[in-house]
Amino acid sequence: MFTIADKGLIAFLAILTIFSYSMASGGRQGVEIRIEAGGKQVGTHLLRKDSVFDVKGALGTSRISIRSNKASFLSSPCRNKVCVHQGEIGKNGQMAACLPNKVVIRALGGDGDYDAVTR
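Count along the sequence shown from 1, add 962, and you get the number used in the working numbering.
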């Protein structure tokens, strides 16, 4: 049987685990996305404004969606559609790319969520 102290310790550790996970998986919400095609910046769009737009790449046109402060590829002329299945980005530093079409979107703004900082 568990004593009251054991139950208190288990509850404390569960709360600490949930808090630690939320802090580690956090990251600041981005403010805008930068779109690059063929290595050149072709535009920036605010994440707070829902929109759909087309970006011309090496193979053809990629369609990008911004909805609910997140951006994603809706369609692209690449064969495997990995970019479409990547999911949404929205936190500062996240990126999604269609490598065959040479189109990249990056979320920017906020304070960032870095793995490491070196000098």
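Quick reminder that beta carbons are idealized off the backbone N, C-alpha and C, glycines included.
Query	Result
Beta-bridge pairing of residue 1057 - partner residues as DSSP gives them	1068
Enclosing alpha helix (DSSP H) for residue 1014 [first to last residue]	Looking at the DSSP string, residue 1014 is not in any alpha helix (DSSP H); the run it does join, the beta strand (DSSP E), is 1013–1018.
Sub-8 angstroms separation of residue 1028 and residue 1013 beta-carbons	yes
Residue 1048 and residue 1069 closer than 8 angstroms at C-beta	no
Endpoints, alpha helix (DSSP H) assigned at residue 993	That residue, residue 993, is in no alpha helix (DSSP H); it is neither H nor E in DSSP.
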